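Asks: Note that the working numbering has the sequence shown beginning at 76, numbered continuously upward. From the three backbone atoms N, C-alpha and C, an ideal C-beta is built for every residue, glycine too. This one's a predicted model, so the numbers in the text were calculated from it and none came from an experiment. A single structure is presented below for examination.
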Amino acid sequence: MIRIASLLLLLIISNVNIRAQVSNPRSQKTAKNIILLIGDGMGVSQIYAAMSVSSKTLNLEQFKVIGFHKTYSANDYITDSGAGGTALSTGVKTCNNCIATDTLGNPLKTILEIAEKNNKATGLISTSSILHATPASFIAHVKSRNNLEDIATWFLKTDIDLFIGGGRKQFICRKDGLNLFDSLLERGYFITDSLHKIQNNKSAKYAVITAYEHNPKYSEGRGDLLPDAAEKAIQILSEKENGFFLMIEGSQIDWGGHDNDINYVVTETIDFDKAIGKALEFAKKDGETLVIVTADHETGGLTLVDGNTDKKITAKFSTDNHTGVMVPVFVYGPGAENFGGIYQNTEVFNKMMDAFGF
(Lines of atoms letter the chains of each structure in order from A and count residues from 1; the text may use other names and numbers.)
(Lines give C-alpha, C1' and ligand atoms only; values in the text may rest on other atoms or scores of the structure.)
Protein backbone atom coordinates (compact mmCIF):
# COMPACT_ATOMS: atom_id res chain seq x y z
CA MET A 1 0.00 0.00 0.00
CA ILE A 2 2.84 2.38 0.88
CA ARG A 3 4.49 1.69 -2.50
CA ILE A 4 1.20 2.31 -4.36
CA ALA A 5 0.61 5.53 -2.43
CA SER A 6 4.15 6.68 -3.22
CA LEU A 7 3.65 5.95 -6.92
CA LEU A 8 0.36 7.85 -6.94
CA LEU A 9 2.02 10.82 -5.23
CA LEU A 10 4.84 10.75 -7.80
CA LEU A 11 2.32 10.71 -10.67
CA ILE A 12 0.41 13.64 -9.17
CA ILE A 13 3.61 15.67 -8.74
CA SER A 14 4.75 14.81 -12.26
CA ASN A 15 1.37 15.82 -13.68
CA VAL A 16 1.47 19.15 -11.84
CA ASN A 17 4.96 19.80 -13.19
CA ILE A 18 3.91 18.94 -16.74
CA ARG A 19 0.82 21.17 -16.51
CA ALA A 20 2.95 24.00 -15.16
CA GLN A 21 5.37 23.62 -18.04
CA VAL A 22 2.53 23.67 -20.58
CA SER A 23 0.72 26.65 -19.09
CA ASN A 24 3.76 28.77 -18.27
CA PRO A 25 6.53 28.35 -20.83
CA ARG A 26 7.91 31.87 -20.24
CA SER A 27 11.40 32.56 -21.51
CA GLN A 28 13.83 34.45 -19.30
CA LYS A 29 15.54 35.96 -22.34
CA THR A 30 15.12 39.69 -22.90
CA ALA A 31 15.41 41.63 -26.12
CA LYS A 32 17.37 44.84 -26.52
CA ASN A 33 15.33 45.77 -29.59
CA ILE A 34 11.83 45.00 -30.86
CA ILE A 35 10.70 45.41 -34.45
CA LEU A 36 6.92 45.04 -34.77
CA LEU A 37 5.68 44.70 -38.35
CA ILE A 38 1.93 45.06 -38.90
CA GLY A 39 0.39 43.99 -42.19
CA ASP A 40 -2.88 45.89 -42.03
CA GLY A 41 -5.69 43.58 -43.15
CA MET A 42 -3.31 40.64 -43.61
CA GLY A 43 -4.79 37.24 -42.84
CA VAL A 44 -3.59 33.75 -43.69
CA SER A 45 -5.21 33.86 -47.15
CA GLN A 46 -3.44 37.10 -48.05
CA ILE A 47 -0.13 35.54 -47.04
CA TYR A 48 -0.72 32.33 -48.97
CA ALA A 49 -1.88 34.26 -52.03
CA ALA A 50 1.45 36.11 -51.99
CA MET A 51 3.34 32.85 -51.46
CA SER A 52 1.51 31.28 -54.40
CA VAL A 53 2.36 33.95 -56.97
CA SER A 54 5.73 35.23 -55.74
CA SER A 55 8.77 34.42 -57.83
CA LYS A 56 10.78 34.05 -54.60
CA THR A 57 10.21 32.27 -51.30
CA LEU A 58 8.72 34.75 -48.86
CA ASN A 59 10.75 35.79 -45.84
CA LEU A 60 7.73 34.85 -43.73
CA GLU A 61 8.49 31.20 -44.41
CA GLN A 62 11.66 31.49 -42.30
CA PHE A 63 9.72 31.86 -39.03
CA LYS A 64 9.51 28.82 -36.76
CA VAL A 65 7.33 30.30 -34.01
CA ILE A 66 3.76 31.08 -35.06
CA GLY A 67 0.71 32.02 -33.03
CA PHE A 68 -2.76 33.49 -33.60
CA HIS A 69 -4.56 36.35 -31.92
CA LYS A 70 -8.25 37.20 -31.59
CA THR A 71 -9.05 40.61 -33.01
CA TYR A 72 -12.49 41.68 -31.72
CA SER A 73 -12.74 45.10 -30.10
CA ALA A 74 -14.45 46.25 -26.88
CA ASN A 75 -17.67 47.14 -28.68
CA ASP A 76 -17.73 45.06 -31.86
CA TYR A 77 -16.95 41.54 -33.05
CA ILE A 78 -15.38 43.20 -36.11
CA THR A 79 -12.57 45.53 -35.10
CA ASP A 80 -11.24 48.53 -36.95
CA SER A 81 -7.61 49.62 -37.15
CA GLY A 82 -8.01 52.11 -34.31
CA ALA A 83 -9.13 49.52 -31.78
CA GLY A 84 -6.92 46.83 -33.32
CA GLY A 85 -3.84 49.04 -33.24
CA THR A 86 -4.63 50.16 -29.69
CA ALA A 87 -4.87 46.56 -28.47
CA LEU A 88 -1.42 45.86 -29.89
CA SER A 89 0.12 49.11 -28.67
CA THR A 90 -1.38 49.29 -25.15
CA GLY A 91 -2.68 45.84 -24.18
CA VAL A 92 -6.23 47.13 -23.74
CA LYS A 93 -9.30 46.43 -25.87
CA THR A 94 -11.14 49.64 -26.73
CA CYS A 95 -13.97 50.85 -28.95
CA ASN A 96 -13.67 51.09 -32.70
CA ASN A 97 -12.31 54.47 -33.87
CA CYS A 98 -10.46 55.08 -30.59
CA ILE A 99 -6.73 55.79 -30.74
CA ALA A 100 -4.83 54.71 -27.60
CA THR A 101 -7.70 55.68 -25.32
CA ASP A 102 -9.95 53.43 -23.29
CA THR A 103 -13.71 53.17 -23.79
CA LEU A 104 -14.21 56.30 -21.65
CA GLY A 105 -11.66 58.34 -23.59
CA ASN A 106 -8.86 58.12 -21.02
CA PRO A 107 -5.34 57.93 -22.51
CA LEU A 108 -3.50 54.60 -22.41
CA LYS A 109 0.28 54.29 -22.27
CA THR A 110 1.69 52.76 -25.44
CA ILE A 111 4.65 50.44 -25.89
CA LEU A 112 6.40 53.24 -27.80
CA GLU A 113 5.95 55.69 -24.92
CA ILE A 114 7.05 53.11 -22.36
CA ALA A 115 10.12 52.23 -24.42
CA GLU A 116 10.94 55.93 -24.66
CA LYS A 117 10.66 56.32 -20.87
CA ASN A 118 13.14 53.46 -20.57
CA ASN A 119 15.65 55.37 -22.71
CA LYS A 120 15.10 53.35 -25.86
CA ALA A 121 15.01 54.94 -29.29
CA THR A 122 11.67 54.77 -31.09
CA GLY A 123 10.37 54.88 -34.65
CA LEU A 124 7.24 54.53 -36.79
CA ILE A 125 6.93 53.72 -40.51
CA SER A 126 3.82 53.48 -42.69
CA THR A 127 3.00 53.18 -46.39
CA SER A 128 -0.10 55.31 -45.74
CA SER A 129 -0.17 58.59 -43.85
CA ILE A 130 1.84 58.40 -40.65
CA LEU A 131 -1.33 59.79 -39.02
CA HIS A 132 -3.46 56.81 -40.04
CA ALA A 133 -5.06 54.68 -37.35
CA THR A 134 -2.38 52.01 -36.92
CA PRO A 135 0.72 54.20 -36.55
CA ALA A 136 -1.32 56.81 -34.66
CA SER A 137 -2.29 54.25 -32.02
CA PHE A 138 1.36 54.03 -30.93
CA ILE A 139 1.85 57.76 -30.34
CA ALA A 140 -1.45 59.69 -30.12
CA HIS A 141 -4.39 59.66 -27.72
CA VAL A 142 -7.65 60.76 -29.37
CA LYS A 143 -11.25 59.57 -29.27
CA SER A 144 -11.57 59.41 -33.05
CA ARG A 145 -9.10 58.21 -35.67
CA ASN A 146 -10.56 60.86 -37.99
CA ASN A 147 -9.08 63.74 -35.96
CA LEU A 148 -5.95 63.79 -38.10
CA GLU A 149 -4.86 67.33 -37.21
CA ASP A 150 -5.12 66.47 -33.51
CA ILE A 151 -3.13 63.27 -34.10
CA ALA A 152 -0.36 65.29 -35.80
CA THR A 153 0.15 67.40 -32.66
CA TRP A 154 1.08 64.28 -30.69
CA PHE A 155 4.31 64.00 -32.65
CA LEU A 156 5.38 67.11 -30.72
CA LYS A 157 4.52 65.54 -27.36
CA THR A 158 7.02 62.68 -27.47
CA ASP A 159 10.69 62.36 -28.30
CA ILE A 160 10.19 59.83 -31.09
CA ASP A 161 13.49 59.53 -32.94
CA LEU A 162 12.22 58.81 -36.42
CA PHE A 163 8.96 58.61 -38.34
CA ILE A 164 8.43 57.89 -42.02
CA GLY A 165 5.16 58.09 -43.95
CA GLY A 166 2.70 60.40 -45.66
CA GLY A 167 0.53 63.07 -44.06
CA ARG A 168 2.23 66.39 -44.85
CA LYS A 169 -1.18 68.07 -45.21
CA GLN A 170 -2.08 67.84 -41.51
CA PHE A 171 1.32 69.19 -40.47
CA ILE A 172 1.32 72.33 -42.62
CA CYS A 173 -2.18 73.02 -44.07
CA ARG A 174 -4.14 73.13 -40.87
CA LYS A 175 -7.41 74.79 -39.84
CA ASP A 176 -5.66 76.36 -36.85
CA GLY A 177 -3.05 77.97 -39.11
CA LEU A 178 -0.12 76.33 -37.34
CA ASN A 179 2.87 74.93 -39.20
CA LEU A 180 3.94 71.90 -37.20
CA PHE A 181 7.09 71.55 -39.30
CA ASP A 182 8.33 74.76 -37.66
CA SER A 183 7.70 73.23 -34.25
CA LEU A 184 9.47 70.01 -35.25
CA LEU A 185 12.48 72.00 -36.44
CA GLU A 186 12.59 73.78 -33.08
CA ARG A 187 12.65 70.37 -31.41
CA GLY A 188 15.69 69.32 -33.44
CA TYR A 189 14.10 67.27 -36.21
CA PHE A 190 15.63 66.97 -39.65
CA ILE A 191 12.62 67.17 -41.98
CA THR A 192 12.70 65.78 -45.49
CA ASP A 193 10.45 64.18 -48.10
CA SER A 194 12.96 61.53 -49.14
CA LEU A 195 15.00 58.80 -47.49
CA HIS A 196 17.88 59.70 -49.78
CA LYS A 197 18.13 63.17 -48.24
CA ILE A 198 18.72 61.88 -44.72
CA GLN A 199 22.03 63.09 -43.33
CA ASN A 200 23.41 60.64 -40.80
CA ASN A 201 23.86 62.28 -37.45
CA LYS A 202 23.73 60.25 -34.23
CA SER A 203 22.14 63.11 -32.30
CA ALA A 204 19.50 63.97 -34.91
CA LYS A 205 15.82 63.06 -35.04
CA TYR A 206 14.08 62.52 -38.36
CA ALA A 207 10.65 63.35 -39.80
CA VAL A 208 10.50 61.85 -43.29
CA ILE A 209 7.13 62.89 -44.73
CA THR A 210 6.99 61.19 -48.10
CA ALA A 211 3.55 62.28 -49.38
CA TYR A 212 0.97 65.05 -49.01
CA GLU A 213 -1.55 62.48 -47.80
CA HIS A 214 -0.90 58.79 -48.55
CA ASN A 215 1.91 57.14 -50.47
CA PRO A 216 0.94 55.60 -53.83
CA LYS A 217 0.32 51.90 -54.35
CA TYR A 218 3.34 49.72 -54.98
CA SER A 219 1.90 49.02 -58.44
CA GLU A 220 1.69 52.77 -59.14
CA GLY A 221 5.30 53.68 -58.52
CA ARG A 222 5.99 53.60 -54.78
CA GLY A 223 8.99 51.38 -55.47
CA ASP A 224 10.98 50.00 -52.55
CA LEU A 225 10.04 52.81 -50.16
CA LEU A 226 8.90 50.41 -47.43
CA PRO A 227 11.88 48.01 -47.35
CA ASP A 228 14.27 50.94 -47.84
CA ALA A 229 12.61 52.82 -44.99
CA ALA A 230 12.85 49.74 -42.78
CA GLU A 231 16.54 49.35 -43.55
CA LYS A 232 17.32 53.04 -42.98
CA ALA A 233 15.32 53.19 -39.74
CA ILE A 234 17.02 50.09 -38.36
CA GLN A 235 20.41 51.53 -39.26
CA ILE A 236 19.68 54.82 -37.48
CA LEU A 237 17.95 53.40 -34.41
CA SER A 238 20.49 50.62 -33.87
CA GLU A 239 23.16 53.27 -33.28
CA LYS A 240 21.42 54.16 -30.01
CA GLU A 241 23.14 52.36 -27.14
CA ASN A 242 20.02 51.41 -25.13
CA GLY A 243 18.16 49.65 -27.94
CA PHE A 244 15.00 50.59 -29.79
CA PHE A 245 11.34 49.94 -30.58
CA LEU A 246 10.26 50.23 -34.21
CA MET A 247 6.79 49.69 -35.69
CA ILE A 248 6.56 49.16 -39.46
CA GLU A 249 3.16 49.06 -41.15
CA GLY A 250 2.27 47.65 -44.54
CA SER A 251 -0.90 49.74 -44.71
CA GLN A 252 -2.26 49.05 -48.14
CA ILE A 253 -2.80 45.29 -47.91
CA ASP A 254 -5.96 46.44 -46.15
CA TRP A 255 -6.91 48.78 -48.98
CA GLY A 256 -6.61 45.98 -51.51
CA GLY A 257 -9.00 43.95 -49.38
CA HIS A 258 -11.50 46.80 -49.21
CA ASP A 259 -11.29 47.11 -53.01
CA ASN A 260 -11.63 43.32 -53.45
CA ASP A 261 -8.57 43.57 -55.69
CA ILE A 262 -6.41 40.45 -55.41
CA ASN A 263 -3.54 41.96 -57.42
CA TYR A 264 -3.46 44.94 -55.06
CA VAL A 265 -3.45 42.60 -52.04
CA VAL A 266 -0.68 40.40 -53.41
CA THR A 267 1.68 43.17 -54.54
CA GLU A 268 1.36 44.96 -51.20
CA THR A 269 1.91 41.74 -49.23
CA ILE A 270 5.03 40.89 -51.22
CA ASP A 271 6.32 44.43 -50.69
CA PHE A 272 5.63 44.12 -46.96
CA ASP A 273 7.53 40.84 -46.95
CA LYS A 274 10.59 42.67 -48.27
CA ALA A 275 10.51 44.86 -45.17
CA ILE A 276 10.21 41.71 -43.06
CA GLY A 277 13.37 40.50 -44.79
CA LYS A 278 15.24 43.65 -43.73
CA ALA A 279 14.18 43.14 -40.12
CA LEU A 280 15.16 39.47 -40.11
CA GLU A 281 18.50 40.20 -41.74
CA PHE A 282 19.36 42.63 -38.95
CA ALA A 283 18.00 40.40 -36.18
CA LYS A 284 20.01 37.38 -37.29
CA LYS A 285 23.24 39.39 -37.23
CA ASP A 286 22.42 41.29 -34.06
CA GLY A 287 21.19 38.45 -31.84
CA GLU A 288 19.37 40.81 -29.45
CA THR A 289 16.39 41.77 -31.59
CA LEU A 290 12.87 40.36 -31.41
CA VAL A 291 10.96 40.52 -34.72
CA ILE A 292 7.16 40.21 -34.58
CA VAL A 293 4.98 40.11 -37.69
CA THR A 294 1.20 40.26 -37.32
CA ALA A 295 -1.95 42.09 -38.41
CA ASP A 296 -4.57 44.21 -36.71
CA HIS A 297 -7.36 42.29 -38.52
CA GLU A 298 -8.19 40.56 -41.80
CA THR A 299 -9.86 42.49 -44.61
CA GLY A 300 -12.05 41.19 -47.41
CA GLY A 301 -12.85 37.67 -46.26
CA LEU A 302 -10.41 36.39 -48.87
CA THR A 303 -10.67 32.79 -50.09
CA LEU A 304 -8.44 31.11 -52.66
CA VAL A 305 -10.78 28.90 -54.68
CA ASP A 306 -8.36 27.75 -57.38
CA GLY A 307 -4.78 28.00 -58.61
CA ASN A 308 -2.04 26.23 -60.54
CA THR A 309 1.71 25.72 -60.76
CA ASP A 310 2.04 28.68 -63.15
CA LYS A 311 1.65 30.98 -60.14
CA LYS A 312 -1.93 31.89 -60.97
CA ILE A 313 -4.69 31.95 -58.38
CA THR A 314 -8.43 32.49 -58.40
CA ALA A 315 -9.66 34.50 -55.44
CA LYS A 316 -13.03 35.40 -54.01
CA PHE A 317 -13.87 38.01 -51.41
CA SER A 318 -16.88 37.68 -49.11
CA THR A 319 -16.96 41.32 -48.00
CA ASP A 320 -15.41 44.70 -48.71
CA ASN A 321 -14.90 45.26 -45.00
CA HIS A 322 -12.97 43.71 -42.13
CA THR A 323 -13.74 40.23 -40.80
CA GLY A 324 -13.60 38.67 -37.34
CA VAL A 325 -11.17 35.84 -38.04
CA MET A 326 -8.01 35.31 -36.01
CA VAL A 327 -4.80 36.58 -37.58
CA PRO A 328 -1.32 35.04 -37.42
CA VAL A 329 1.70 36.14 -35.40
CA PHE A 330 5.18 35.22 -36.67
CA VAL A 331 8.08 35.72 -34.25
CA TYR A 332 11.88 35.45 -34.32
CA GLY A 333 14.48 36.30 -31.70
CA PRO A 334 14.94 36.31 -27.92
CA GLY A 335 11.68 35.38 -26.21
CA ALA A 336 10.00 34.27 -29.44
CA GLU A 337 8.78 31.02 -27.86
CA ASN A 338 6.40 33.02 -25.66
CA PHE A 339 4.33 33.99 -28.71
CA GLY A 340 3.16 30.52 -29.75
CA GLY A 341 -0.47 29.50 -29.27
CA ILE A 342 -3.81 31.32 -29.42
CA TYR A 343 -4.47 34.45 -27.38
CA GLN A 344 -6.10 37.87 -27.36
CA ASN A 345 -4.59 40.68 -29.43
CA THR A 346 -3.86 42.48 -26.16
CA GLU A 347 -1.38 39.74 -25.26
CA VAL A 348 0.98 40.91 -28.01
CA PHE A 349 1.60 44.04 -25.93
CA ASN A 350 2.08 42.02 -22.74
CA LYS A 351 4.51 39.68 -24.45
CA MET A 352 6.50 42.63 -25.83
CA MET A 353 6.68 44.12 -22.34
CA ASP A 354 7.98 40.80 -21.03
CA ALA A 355 10.50 40.61 -23.87
CA PHE A 356 11.84 44.05 -23.01
CA GLY A 357 11.92 43.14 -19.32
CA PHE A 358 9.68 46.07 -18.39
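State yes or no: is the C-beta of Met-126 within less than 9 Å of the C-beta of Asp-329?
Replies: The residue labelled residue 126 in the question sits at position 51 within the sequence shown. The residue labelled residue 329 in the question sits at position 254 within the sequence shown. No; because the gap between Cβ atoms is not below 9 Å, this pair is not in contact.
Asks: What is the rounded straight-line gap between the Cα of Phe-424 and the Cα of Ala-190?
Replies: Reading the sequence shown from its first residue, position 349 is the one you call residue 424. Reading the sequence shown from its first residue, position 115 is the one you call residue 190. Approximately 12 Å between the Cα atoms of the pair.
Asks: Please report how far the alpha carbon of Thr-209 lies from the alpha carbon of Thr-161, in whole angstroms.
Replies: Stepping through the sequence shown from its first residue, residue 209 is reached at position 134. Stepping through the sequence shown from its first residue, residue 161 is reached at position 86. Distance between Thr-209 and Thr-161, taken at the CA atoms: about 8 Å.
Asks: Which whole-angstrom value describes the C-beta separation of Thr-185 and Ser-219, a residue pair presumed to lie in contact below a C-beta threshold of 8 Å?
Replies: What you label residue 185 is simply residue 110 of the sequence shown in a count that begins at 1. What you label residue 219 is simply residue 144 of the sequence shown in a count that begins at 1. Contact flag wrong, Cβ pair sits at about 17 Å.
Asks: Note the first and the last residue of the continuous alpha helix (DSSP H) segment covering Tyr-287.
Replies: Start at 1 with the first residue of the sequence shown, and residue 287 comes out as number 212. Where Tyr-287 is concerned, there is no enclosing alpha helix (DSSP H), given that its DSSP letter is neither H nor E.
Asks: Are there 16 or more other CB atoms within 10 angstroms of the CB of Ile-417, so buried, or fewer, so exposed?
Replies: Along the sequence shown, one-based indexing puts residue 417 at 342. With fewer than 16 other Cβ atoms within 10 Å, it is exposed.
Asks: Determine whether the beta carbon atoms of Arg-515 and Ala-286 lie at a separation below 9 Å.
Replies: What the structure shows of the chain is the stretch from 76 to 433, and residue 515 is not part of that stretch, so it cannot be assessed.
Asks: How big is the Cα-Cα spacing for Asp-251 and Asn-335?
Replies: The residue you call residue 251 lines up with position 176 of the sequence shown. The residue you call residue 335 lines up with position 260 of the sequence shown. Asp-251 and Asn-335: Cα-Cα distance of roughly 37 Å.
Asks: Touching or not, the stretch 340-352 and the stretch 229-243, by the rule of three or more beta carbon pairs under 8 Å?
Replies: No: the two stretches stay apart, fewer than three of their Cβ pairs being nearer than 8 Å.
Asks: Please name the residue, chosen from Ser-203, Asp-177, Leu-377, that lies closest to His-216 on a Cα-to-Cα basis.
Replies: Here residue 216 corresponds to residue number 141 of the sequence shown, with the count starting at 1. The candidate whose alpha carbon is nearest that of His-216 is Asp-177.
Asks: So within the stretch 160-237, which uninterrupted beta strand (DSSP E) runs reach at least 3 residues, ignoring any that extend past its ends?
Replies: Listed in chain order, the beta strand (DSSP E) runs fully inside the stretch 160-237 are 196-204, counting runs of at least 3 residues.
Asks: Does the distance from the C-beta atom of Ile-200 to that of Ile-109 stay below 9 Å?
Replies: Mapped onto the sequence shown, residue 200 falls at position 125. Mapped onto the sequence shown, residue 109 falls at position 34. Not in contact: Ile-200 and Ile-109 (Cβ atoms no closer than 9 Å).
Asks: Check each candidate in Leu-111, His-271, Glu-136 and name the one with the smallest Cα separation from Ala-282.
Replies: Numbered from 1 along the sequence shown, position 207 holds the residue referred to as residue 282. The shortest Cα separation from Ala-282 among Leu-111, His-271, Glu-136 belongs to His-271.
Asks: Less than 8 Å between C-beta atoms, sequence neighbours within five positions excluded: which residues of the same chain meet that for Glu-422?
Replies: Within the sequence shown, residue 422 is the residue found at index 347, counting from 1. Around Glu-422: His-144, Gly-166.
Asks: Please say whether Asp-346 and Lys-107 have beta carbons closer to each other than 9 Å?
Replies: Sequence index remark: in the sequence shown, residue 107 carries index 32 (1-based). Sequence index remark: in the sequence shown, residue 346 carries index 271 (1-based). The answer is no: Cβ separation not under 9 Å.
Asks: Taking DSSP's pairing of strands, which residues face Met-427 in a bridge?
Replies: As a first step, residue 427 must be located in the sequence shown, where it is residue number 352. In DSSP, Met-427 forms no bridge with anything.
Asks: Answer with yes or no whether the minimum CB distance from Glu-191 to chain D is below 9 Å.
Replies: In the structure shown, chain D cannot be found, because there is only a single protein chain.
Asks: Among Asn-338, Glu-356, Tyr-123, Gly-399, which residue has its Cα nearest to the Cα of Ser-294?
Replies: As a position in the sequence shown, residue 294 is number 219, starting the count at 1. Nearest option by C-alpha distance: Asn-338.
Asks: Between Gln-310 and Asp-299, what straight-line distance do the alpha-carbon atoms span, to the nearest angstrom?
Replies: Working through the sequence shown from its first residue, we reach residue 310 at position 235. Working through the sequence shown from its first residue, we reach residue 299 at position 224. Cα to Cα, Gln-310 sits roughly 16 Å from Asp-299.
Asks: Classify Asp-268 as helix, strand or coil using the three-state DSSP reduction.
Replies: Mapped onto the sequence shown, residue 268 falls at position 193. Looking at Asp-268 - three-state DSSP - the assignment turns out to be coil, as it is neither helix nor strand.
Asks: Just to confirm the assignment: which complete alpha helix (DSSP H) runs, minimum length 4, are found wholly within the stretch 323-372?
Replies: 327-333, 337-361
Asks: Out of Gln-419, Leu-377, Ile-122, point me to the one whose CA is closest to Ala-158's CA.
Replies: Mapped onto the sequence shown, residue 158 falls at position 83. Residue Gln-419 is the option with its Cα nearest to Ala-158.
Asks: Which residue's Cα is closest to the Cα of Tyr-147: Met-401, Val-406, Glu-288, Leu-260?
Replies: If you number the sequence shown from 1, residue 147 lands on position 72. Cα-wise, what sits closest to Tyr-147 is Met-401.
Asks: By a C-beta neighbour count over all protein chains shown, 10 Å radius and 16 as the cutoff for buried, is Thr-202 buried or exposed?
Replies: As a position in the sequence shown, residue 202 is number 127, starting the count at 1. Under this definition Thr-202 is a buried residue.
Asks: Residue range of the beta strand (DSSP E) that Leu-300 falls in?
Replies: In the sequence shown, residue 300 corresponds to position 225, counting from 1. Premise fails: Leu-300 lies in the alpha helix (DSSP H), 300-312, not in any beta strand (DSSP E).
Asks: Less than 9 Å between the beta carbons of Val-128 and Lys-391, yes or no?
Replies: Reading the sequence shown from its first residue, position 53 is the one you call residue 128. Reading the sequence shown from its first residue, position 316 is the one you call residue 391. Result no, Cβ atoms of Val-128 and Lys-391 do not sit closer than 9 Å.
Asks: Considering only the beta carbon of each residue, do Ala-446 and Ile-174 sit closer than 9 Å?
Replies: Summary: the structure shown does not reach residue 446, with the chain confined to residues 76 through 433, and so no result is reported for it.
Asks: Hey, which unbroken runs of the beta strand (DSSP E) at 3 residues or more fall wholly within the stretch 101-146?
Replies: 108-114, 140-145
Asks: Could you pull out every residue in the same chain whose Cβ sits closer than 6 Å to the Cβ of Thr-394, ignoring the five residues on either side in sequence?
Replies: Here residue 394 refers to the residue found at position 319 of the sequence shown. Gly-376, listed in sequence order.
Asks: Can you tell me where the alpha helix (DSSP H) holding Phe-256 begins and where it ends?
Replies: For the purposes of this step, residue 256 is identified with residue 181 of the sequence shown, where counting begins at 1. First-last of the alpha helix (DSSP H) with Phe-256: 255-261.
Asks: Can you list, in chain order, the residues of its chain with a C-beta nearer than 8 Å to that of Gly-325? Leave out the 5 residues immediately preceding and following it.
Replies: Numbered from its first residue, the sequence shown carries residue 325 at position 250. Taken in chain order, the residues that qualify are Leu-112, Ile-113, Gly-114, Asp-115, Met-117, Thr-202, Leu-301, Glu-343, Thr-344, Asp-346, Phe-347, Ala-350.
Asks: Who are the Cβ neighbours of Gly-408 in its own chain at under 7 Å, not counting the five residues just before and after it?
Replies: Residue mapping note: residue 408 aligns to position 333 of the sequence shown, counting from 1. The residues are Ala-106, Ala-358, Thr-364, Leu-365, Val-366.
Asks: Residues in the same chain with beta-carbon distance under 8 Å from Thr-233, minus the five sequence neighbours each way, listed in chain order, please.
Replies: On the sequence shown, residue 233 is found 158 positions in, with the first residue counted as 1. Leaving aside the five residues that flank Thr-233 on each side, the residues in its chain whose CB is nearer than 8 Å to its CB run, in chain order, Leu-187, Glu-188, Glu-191, Thr-197, Ile-214.
Asks: If we call anything under 9 Å between Cβ atoms a contact, is Ser-156 one with His-207?
Replies: By 1-based counting over the sequence shown, the position of residue 156 is 81. By 1-based counting over the sequence shown, the position of residue 207 is 132. In contact: Ser-156 and His-207 (Cβ atoms closer than 9 Å).
Asks: Assuming Thr-374 and His-397 make a contact with CB atoms under 8 Å, what is their CB distance in whole Å?
Replies: Working through the sequence shown from its first residue, we reach residue 374 at position 299. Working through the sequence shown from its first residue, we reach residue 397 at position 322. The pair is a contact, with the Cβ atoms about 5 Å apart (cut-off 8 Å).
Asks: Taking all protein chains shown into account, decide if Glu-306 is buried (16 or more other Cβ within 10 angstroms of its Cβ) or exposed.
Replies: Position 231 of the sequence shown, counted from the first residue, corresponds to residue 306. Counting Cβ neighbours within 10 Å, Glu-306 comes out buried, since at least 16 surround it.
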